[in-house]
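Take a look at the structure below.
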Amino acid sequence: MNRTLMERTRSMLSNAGLEHELWAEAVSMACYLVNRSPSMAINGKTPEEVWFGTPCDYSNLKIFGCHAYALVPSCQRTKLDPRSRKCKFVGYTKGVKGYRLWDPVAHKIITSCDVHFDESNVLKKGVEHESIEEKEIRNDTQNFELPSSTFSPNEDIESEDTPVEYGEVDDQIHENSNKGESSHEGGEIDDLPRRSTRERHTPLHLKDFVDPSTFRALIV
């Protein structure tokens with residue numbers, strides 16, 4: 581629970597643009613919201629409803645940090661002084677019907693029940709953040725460029741449209757075929773083994789050999 585309260589406190593202070601010295605007011609407001617938020621642990625009911633047995637009243641729920649114009653009592657102002665002071669809403673007062681407001685001029689917390697709220701500043705701030713993010717994403721997508729291709733269709737079209745003379749093509753084909761055949765024949769001739777033209781004579785020791793015609797002649 582402490583982590584939940586601190587996360588909400590940090591978020592509310594950042595969204596409202598208030599100083600960190602008001603962290604206690606933000607924690608109290610975060611606890612107020614948690615007690616009035618449905619929870620699955622208690623079958624979708626709120627803690628306040630379980631404790632008191634009555635549904636929550638959200639009619640006085642305001643955005644933390646919104647502009648609040650508190651009425652200045654007539655005894656504290658003259659006829660030319662403003663009738664209200666601009667403050668910021670920071671929470672609710674326990675045991676007293678009123679709202680806790682932060683007066684940035686007097687630098688203190690005041691309590692008032694005659695307050696006019698203007699929540700547009702907080703809502704507009706959220707919309708501006710979203711529009712800035714969308715604008716950055718849009719600029720990133722616009723600045724993204726696809727890699728240029730080396731393919732040029734005009735060159736292919738020009739080569740296809742070039743007229744062809746069939747007579748010249750046939751002559752080139754015949755010349756290439758004749759060259760191929762001559763080179764092939766030349767290659768076959770070069771591959772034949774070379775034979776010597778010298779006369780060959782049988783050695784003398786091979787001439788003295790007599791092949792007997794019968795077994796008796798072999799024994800003798």
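Read in order, the letters of the sequence shown correspond to residues 581 to 800 in the numbering used here.
Virtual Cβ for every residue (Gly too), placed ideally from N, Cα, C.
Following the DSSP letters along the chain, one finds residue 650 inside the beta strand (DSSP E) bounded by residues 647-651. When secondary structure is reduced to three states using DSSP, residue 639 falls in the coil class, being assigned neither helix nor strand.
Taking every protein chain shown into account, the CB of residue 667 has 16 or more other CB atoms within 10 angstroms, so this residue is buried. Just measuring C-alpha positions, the residue of 685, 596, 601 and 586 sitting nearest residue 642 is 596. In the structure shown, the three-state DSSP call for residue 664 is strand. Collapsing the DSSP output to three states places residue 703 in a helix. One thing to note: residue 661 has its Cβ within 9 angstroms of the Cβ of residue 652.
In the DSSP annotation of this structure, the continuous segment of the alpha helix (DSSP H) that includes residue 584 starts and ends at 582-596. Nearest neighbour of residue 673 by Cα position, chosen from 612, 629, 631 and 634, turns out to be 612. Beta-bridge annotation (DSSP): residue 688 is paired with 683.
As DSSP reads the structure, residue 696 sits in a beta bridge with 649. Counting other Cβ atoms within 10 Å of its Cβ, residue 632 stays below 16 and is therefore classed as exposed. Looking at the backbone, the Cα of residue 621 and that of residue 647 are separated by about 35 angstroms.
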